[in-house]
Structures are given as C-alpha cells and as structure tokens.
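Numbering (my numbering), first residue to last: 1401 to 1518. This report concerns only the one structure given below.
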C-alpha cells in the first residue's frame, strides 16, 4: 500500500549527514536551482503537500528537488534554521534565494515558476 509521503524517483531523499554534505559540496557553486523540502514523519501538513512536491519535481526536471527528514538530519535542519514543518528552501549558487514555511500549494508553485525561469 502506498503512502502520501512515499519516495519519488524525481526527489533526492537524504538519510545521512555524510551523503548530504557530499551533495552540498557538489552543488555549492552550481547555477542549478535546488528546492529543499524539510519534513517529518509525524507532520500532518507534510503528508498533504508531499504529492505536490513530487509532482513539481517531475514537472521541473532541470532543478534538483531534495527531501530532508528533520528527525533524521536534525543538524541540517538547524544549519538551515528550520523551525516549522514543512519548510521549503530554494537554493542557488550556494545561497538561499527563497523560503516558504507551511503547506501552501499555490505559493510553492508560484515560487518554483519564479526561480525556475532565472
């Protein structure tokens, strides 16, 4: 049986700090847009928005869509100053360019379209 939070082939899910750090080094100076989704297994709104995030990852294939569970990688969540779930961070060339806190489908879609064009 599938769940709303199941892994998508278009989303990179990180479960270890080492893999995350290695990925971060590779994309630090990249002009490629990265959308980081901070989630938690116990977060109701995260379960609601996960299919939207997965769909966006499939639609905007030239961007990287990344999922971080804040309980698994609490250090990464602290590094990005995540205080509520879900939190979405748009990252480009080593810096944050946008942030959305909450499960707002329209806002997510507007922000991805805004930054995907750049």
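Every residue gets a Cβ at the ideal spot worked out from N, C-alpha and C, and that includes glycine. Since the structure is predicted, the reported quantities are computational estimates derived from the model, not experimental observations.
Cβ shell of residue 1516 (< 8 Å), same chain only, five flanking positions each side left out: Residue 1516 sits at position 116 when you count from the first residue of the chain shown. Exclusion of the five residues before and after residue 1516 leaves 1433, 1460, 1462 and 1463 as the residues of its chain whose Cβ lies within less than 8 Å of its Cβ.
How long is the line joining the alpha carbons of residue 1497 and residue 1490, rounded to whole angstroms? Counting from 1 along the chain shown, the entry for residue 1497 is found at position 97. Counting from 1 along the chain shown, the entry for residue 1490 is found at position 90. Distance from the CA atom of residue 1497 to the CA atom of residue 1490, rounded to whole angstroms, is 6 Å.
Contact belief for residue 1467 with residue 1439 at Cβ below 8 Å, rounded distance in angstroms: For the purposes of this step, residue 1467 is identified with residue 67 of the chain shown, where counting begins at 1. For the purposes of this step, residue 1439 is identified with residue 39 of the chain shown, where counting begins at 1. With 8 Å as the limit, residue 1467 and residue 1439 qualify as a contact, their Cβ atoms being about 6 Å apart.
Between the alpha carbons of residue 1509 and residue 1502, how many angstroms are there, rounded? On the chain shown, position 109 is the one that residue 1509 refers to. On the chain shown, position 102 is the one that residue 1502 refers to. In a straight line, the C-alpha of residue 1509 is about 13 Å away from that of residue 1502.
Would you please state the rounded distance, in angstroms, between the beta carbons of residue 1469 and residue 1441? I believe it to be under 8 Å. Reading the chain shown from its first residue, position 69 is the one you call residue 1469. Reading the chain shown from its first residue, position 41 is the one you call residue 1441. Right, the Cβ-Cβ distance comes to about 7 Å (below 8 Å), so this counts as a contact.
If we require 4 or more residues per run, which alpha helix (DSSP H) segments fall completely within the region 1455 to 1502? 1474 to 1479, all fully within the region 1455 to 1502.
Can residue 1494 and residue 1428 be called in contact, C-beta distance under 8 Å? As a working note, residue 1494 is residue 94 in the chain shown. As a working note, residue 1428 is residue 28 in the chain shown. Contact flag set, yes.
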